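Peer 1:
Residue numbers (the numbering used here): 1 to 409.
1. Where residue 254 and residue 240 are concerned, what is the direct C-alpha to C-alpha distance, given to the nearest angstrom?
2. Could you check where the alpha helix (DSSP H) with residue 134 kicks off and where it finishes?
3. Measuring only between beta-carbons, confirm whether residue 208 sits less than 8 Å from chain C.
4. Could you please give the first and the last residue of the uninterrupted alpha helix (DSSP H) stretch that includes residue 195?
5. How many whole angstroms separate the CB atoms of residue 263 and residue 270, which I take to be in contact at a CB cut-off of 8 Å?
6. Ordered along the chain, which non-local residues of its own chain (more than five positions away) have a Cβ less than 6 Å from that of residue 341?
7. Using CA coordinates, which residue listed in 197, 251, 146 and 320 is at the minimum distance from residue 215?
8. From the DSSP output, in three-state form, read off residue 153 for me.
9. Compare the C-alpha of residue 218 against each of 206, 243, 201 and 247 and name the closest.
10. For residue 117, which of helix, strand or coil comes out of DSSP?
11. How should residue 289 be labelled, buried or exposed, when 16 other C-beta atoms within 10 angstroms of its C-beta is the threshold for buried?
12. Once DSSP output is grouped into helix, strand and coil, what is the label at residue 180?
13. If I measure Cβ to Cβ from residue 238 and keep anything under 6 Å in the same chain, skipping five residues before and after, which residues do I get?
14. Provide the residue(s) that pair with residue 392 in DSSP beta bridges, ordered along the chain.
15. Tell me whether residue 431 sits in a helix, a strand or coil according to DSSP, three-state version.
16. Between which two residues does the alpha helix (DSSP H) harbouring residue 436 extend?
17. Just confirm the distance between the C-beta atoms of residue 229 and residue 357, as a whole number of angstroms; I'd bet it's less than 8 Å.
18. Does the beta-carbon of residue 25 have 16 or more other beta-carbons within 10 angstroms, so that it is buried, or is it exposed?
19. Whole angstroms is fine: what's the gap from residue 304's alpha carbon to residue 282's?
20. Buried or exposed: residue 139, going by 16 or more other Cβ atoms within 10 Å of its Cβ?
21. Which full runs of the alpha helix (DSSP H) of 4+ residues lie inside the region 210-283, going along the chain?
22. Out of 208, 221 and 61, which has the shortest C-alpha to C-alpha gap to residue 181?
23. Which class does residue 28 belong to by DSSP, given the choice of helix, strand or coil?
24. In this structure, what does DSSP give as the bridge partners for residue 175?
25. The alpha helix (DSSP H) with residue 292 in it runs from where to where?
26. Relative to the alpha-carbon of residue 184, which residue among 210, 381 and 206 has its alpha-carbon at the smallest distance?
27. Classify residue 165 as helix, strand or coil using the three-state DSSP reduction.
28. Would you kindly work out how many angstroms separate the C-alpha atoms of residue 344 and residue 362, rounded to a whole number?
29. Kindly indicate which residue of 178, 377, 231 and 164 has the alpha-carbon position closest to the one of residue 287.
30. Is it right to say residue 155 is buried, meaning 16 or more other beta carbons lie within 10 angstroms of its own, or is it exposed?
31. Is the beta carbon of residue 145 sitting closer than 8 Å to the one on residue 153?
32. Helix or strand or just coil, what does DSSP make of residue 357?
33. To the nearest angstrom, report how far apart residue 189 and residue 151 are at their CA atoms.
34. Run the CB neighbour count on residue 48, radius 10 Å, all protein chains shown included, and call it buried at 16 or more, exposed below.
35. Between residue 386 and residue 297, what straight-line distance do the alpha-carbon atoms span, to the nearest angstrom?
Put into structure tokens, the structure is as follows:
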């Protein structure tokens, strides 16, 4: 299109000398130069000389060369612009990469300049990394200092180093109990060093605390059962006392009551592949899984023994009574009105055959609570029936006959 337009302009400009006349009959001139005719659409016909044809051919060749030069220059300009754009883009990319590299370098520098023993509360470090950051020489210095101040290494389950001048600054606000009584610390700093083992033995290091916590909990529960006549109903607030040689040193400070509660309510320590074996250990210790049923059975056992003693006493009285001959052995006293004084407490001792686990049990208070508050029997009809079969009375003396009231008193 550009070439045809240029030819049109040249033809018009040369119209005076190059083109002499226009004729509708000069068909030969139209066929001899179809390029000129197709470019000059508004001109129907024209006549040219040989000189004019040569000039047009030369001009057409010159314009073609000129167009090629323009195209080459255009390509060069576009190439330069593209290179310039790429250079700017590359510069920006290089600057961003340089900035990122500088940022990483600054972060690395800050890590190197930071203290070698950051606090346990640092969220970016794991416990294992914290243990690795403290060498044995520094650790044994802290242990010696603690031993000199407390006389033992049986430290609490959690001991935070105070910010005092006695302790090295790098150990301030660190829980050294969890740091030293950890198998990973032992594997890293003590294993393979007999001299260090001897050094720790001299300080009284409690090696038992390196074992899994479950082992210490079971050992504490076994000790509690032995010391409490076979009872494993550990109060929720019970903590193994420190300094009591009746308890293994590795168990000192364990919140045993809380552990038992979590085992019973959430099955703590019983997850995964160890569930069956650990549950068997607890069952072997008569662990109480259902507290309500356990307490009811204890109260029921005390009532049964009380009823047995009371009926034996009544039978003995009947034998001594002048009316013993008129009373049938299966009369009211053997089947009715089992009433326990509200202040009755199971006596301790074997005089009346009371089982050891029932000693000091407040049976009278429990019976009053069952009668007035529904203790143990609320929404438990089978327990109510068991007590009724035993002769338990649900109401006061008003519902009893006069003879029952006299004898119950």
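Quick reminder that beta carbons are idealized off the backbone N, C-alpha and C, glycines included. Since we're looking at a predicted model, the values are computed, not measured.
Peer 2: Checking against the coordinates, here is how it stands:
1. Spanning the two alpha carbons is a distance of roughly 5 Å.
2. No alpha helix (DSSP H) contains residue 134, which DSSP labels as neither H nor E.
3. No chain C is part of this structure, which consists of one protein chain only.
4. Segment 194-203, the alpha helix (DSSP H) holding residue 195.
5. At roughly 7 Å, the Cβ-Cβ gap stays under 8 Å, so residue 263 and residue 270 are in contact.
6. For residue 341, where only same-chain residues beyond five positions count, the Cβ hits under 6 Å are 364.
7. The shortest C-alpha to C-alpha distance from residue 215 to any of 197, 251, 146 and 320 is the one to 251.
8. Note: residue 153 maps to coil in three-state DSSP.
9. The option with the nearest alpha carbon to residue 218 is 247.
10. Because residue 117 carries a pLDDT of 42, less than 50, the predicted location of this residue cannot be relied on, and the following value inherits that uncertainty. Residue 117 falls in the coil class under three-state DSSP.
11. Exposed, since its Cβ has fewer than 16 Cβ neighbours within 10 Å.
12. Residue state, collapsed to three classes: helix.
13. So the qualifying residues of the chain are 256 and 257.
14. In the DSSP output, where bridge partners are listed per residue, residue 392 has 338.
15. Because the chain is modelled from 1 through 409, residue 431 falls outside the range shown and cannot be assessed.
16. Nothing about residue 436 can be read from this structure; the chain reaches only from 1 to 409.
17. The distance from the Cβ of residue 229 to that of residue 357 is about 6 Å, consistent with a contact at the 8 Å cut-off.
18. At residue 25 the pLDDT is 39, less than 50, meaning the model places this residue with poor confidence and gives no usable figure here.
19. Each residue's Cα considered, the two are about 28 Å apart.
20. Label assigned to residue 139: buried.
21. Runs found: 213-227 and 256-266.
22. For the residues 208, 221 and 61, the minimum Cα distance to residue 181 belongs to 208.
23. Low confidence applies here, because residue 28 scores a pLDDT of 42, under 50, leaving its location unreliable and the question unanswered by this model.
24. Note: residue 175 sits in a beta bridge opposite 160.
25. Counting along the chain, the alpha helix (DSSP H) containing residue 292 begins and ends at 291-320.
26. Comparing Cα positions, the closest option is 210.
27. Coil.
28. Cα to Cα, the separation comes out at about 6 Å.
29. Closest option to residue 287, Cα to Cα, is 231.
30. Answer is buried; the Cβ neighbour count reaches 16.
31. Annotated as distal: residue 145 and residue 153, with beta-carbon spacing of 8 Å or more.
32. In the three-state scheme derived from DSSP, where H, G and I count as helix and E and B as strand, residue 357 is classed as helix.
33. Distance between the alpha carbons of residue 189 and residue 151 is about 23 Å.
34. With a pLDDT of 44 at residue 48, under the threshold of 50, the modelled position of this residue cannot be trusted, and the question is left open.
35. Between the alpha carbons of residue 386 and residue 297 lies a gap of roughly 11 Å.
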